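Everything on this sheet refers to the single structure shown next.
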Ligand code: CMC
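Residue numbers (the numbering used here): 3 to 428.
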């Protein structure tokens, strides 16, 4: 017999099972609470609610730990590759050499999009935000790949997972090229996932494009750092959309929409804009005062779960230095501002008291800019990398026998029932 928690209210008493996971706080299973005690729980923002059981990713926010299928993120970022991490997230184990080469082949040979799909981009204004294009284009994939939208067929589920991971770089690069007015670049099967993406973004027909191994590795590592992050807003959106039985392409489009916001994936763009607005180290004290006066947030700082250094931020900071060195931007003034801002914030009582540390987005903007991406592409890159996490979580949910359509309740504080009055009597 496991532990139980006793709930008592208005003379009713309910014993609620306490469930323990591999790690992390125990959870009280309240599924029978409404039926037996006639009450709901109230938890806006889900700060105390576990919405599902998952075997994919574990975060210990107090210790600054992030594990994918048990493997620490810093080890994966250092020693693995994005495609290997994709396999791990989807299948639960690291692949053998033959499993990996089959997986790599499946992804590589799904990177092209239907030729008709390319015409879709022409409907957008050239100045459209690439995230707007991503939401539309990824949603439109369900109109092109009907043969993998039967969510009850495990093989179709896996094919749609492969298609999403494979085609996301092609779609993201097209969104970028479209905004530049440059021709689309087709994927090349001999290139690695990250190299292919960089080529589709930065090569032009007028000259040869030469890969830079430091930048390719940095791109791959950035993808690894963003691959999954348990039940955040966008992942929960994907699960909620998928709980109704919607097809995976539509669910991932919903996740992209949720990711776009400045408190989530949009923070990397905001963080870089913020560093640009500060501009120089001497303006930091004035800026920090504005944060303390609650006039604005320090973007790239703080996290709902991490109350210690975000382990992804440590890797990102190192990657940032490597990339800046590789492109000869070691003296980037924004890097100086970021490093000094971090130093001041980490020693200031306001931030210490609130346990505000740099998150993954603090250094990612500077890094991505040095790789050649404009700020509006940053969240697109996040979406590209997070697609594997979303689809792995979606698959896990579909395959979970206890899965039900997501349907939260509410505390209603509106008008009580009243009779309709005709307009001439109001
Ligand atoms: N700058 C200044 N103050 C902050 C910040 C910040 N970035 N983040 C939180 N606080 C303060 C907040 O005002 C509150 O103060 P008080 O207790 O005095 O009212 C306290 O810290 C607790 O904050 P909270 O709003 O209750 O925390 P939350 O868990 O609801 O929000 C967050 C988490 C990430 C939305 C928030 O920290 C934030 O908006 N950060 C800036 C945006 C950002 O960098 N987001 C990227 C997150 S990591 C990538 C991703 O997963 O998308």
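Built from N, CA and C at the ideal position, the CB exists for glycine as well. Fair warning: this is a prediction, and the values are worked out from it, not measured in the lab.
Asked, Found
"Is any non-hydrogen atom of ligand 1 found closer than 7 Å to the C-beta of residue 257, if you look at the structure I gave you?", "no"
"Going by the DSSP bridge assignment, what does residue 339 pair with across the sheet?", "DSSP lists no partner for residue 339."
"Which residues end up in the neighbourhood of ligand 1 when you take C-beta atoms closer than 6 Å to any of its heavy atoms?", "231, 234, 265, 266, 267, 269, 293, 299, 300, 301, 302, 303, 304, 305, 306, 356, 358, 361, 362, 363"
"Ignore the nearest five residues each way along the sequence and tell me which others in residue 22's own chain have a CB closer than 7 Å to its CB.", "28"
"Run the CB neighbour count on residue 361, radius 10 Å, all protein chains shown included, and call it buried at 16 or more, exposed below.", "buried"
"Report the CB separation of residue 336 from residue 277 in whole angstroms; it is logged as a contact under 8 Å.", "5 Å"
"Apply the 10 Å Cβ neighbour rule to residue 172 and answer buried if 16 or more other Cβ atoms are within range, or exposed otherwise.", "buried"
"Among 317, 411, 396, whose alpha-carbon lies nearest the alpha-carbon of residue 41?", "411"
"My parser needs the alpha helix (DSSP H) runs of 4 or more residues fully inside the stretch 278 to 344; what are they?", "286 to 294, 313 to 328"
"Would you mind reading off the limits of the alpha helix (DSSP H) that contains residue 20?", "Unbroken run through residue 20 is the beta strand (DSSP E), 14 to 21; no alpha helix (DSSP H)."
"Taking only three categories from DSSP, how would you classify residue 25?", "coil"
"Measuring CB to CB, does residue 255 end up less than 8 Å from residue 239?", "no"
"Compare the Cα-Cα distances from residue 215 to each of 295, 286, 198 and report the closest residue.", "198"
"Contact between the stretch 305 to 318 and the stretch 56 to 73: three or more CB pairs below 8 Å?", "yes"
"Check whether the Cβ atoms of residue 105 and residue 97 lie closer than 8 Å to each other.", "yes"
"If you count every other CB in all the chains shown that lies within 10 Å of the CB of residue 288, and 16 or more means buried, which is it?", "exposed"
"Using a Cβ-Cβ cut-off of 7 Å (strictly less than) and excluding sequence neighbours within five positions of residue 378, which residues of its own chain qualify?", "131, 132, 271"
"Is it true that the stretch 390 to 408 meets the stretch 289 to 301, where meeting means three or more beta-carbon pairs spaced less than 8 Å apart?", "no"
"Kindly indicate which residue of 222, 298, 183, 223 has the alpha-carbon position closest to the one of residue 207.", "183"
"Bridge partners for residue 67 per DSSP, in chain order?", "62"
"By how many angstroms is the C-alpha of residue 205 removed from the C-alpha of residue 267?", "26 Å"
"Within the chosen definition, does the stretch 246 to 254 reach the stretch 106 to 124 through at least 3 CB pairs nearer than 8 Å?", "no"
"Grab me the residues of residue 283's own chain with a C-beta within less than 7 Å of its C-beta, minus the 5 sequence neighbours each way, in chain order.", "338, 339, 342"
"Among 93, 399, 275, which residue has its Cα nearest to the Cα of residue 72?", "93"
"Between the stretch 312 to 329 and the stretch 216 to 226, do at least 3 Cβ pairs fall closer than 8 Å?", "yes"
"For residue 132, name the three-state secondary structure that DSSP assigns.", "helix"
"Among the residues of its own chain, which have a CB less than 6 Å from the CB of residue 67, if the five just before and after it don't count?", "none"
"Alpha helix (DSSP H) containing residue 235: first to last residue?", "235 to 245"
"Report yes or no: do three or more beta-carbon pairs, one from the stretch 220 to 227 and one from the stretch 365 to 377, lie closer than 8 Å?", "yes"
"Have a look at residue 301 and residue 4 and give me their C-alpha separation to the nearest angstrom.", "43 Å"
"Report all residues from its chain with a CB closer than 8 Å to the CB of residue 280; omit the five preceding and five following residues, and keep chain order.", "286, 289, 339, 343"
"Which term fits residue 383, buried or exposed, when burial requires 16 or more other beta carbons within 10 angstroms of its beta carbon?", "buried"
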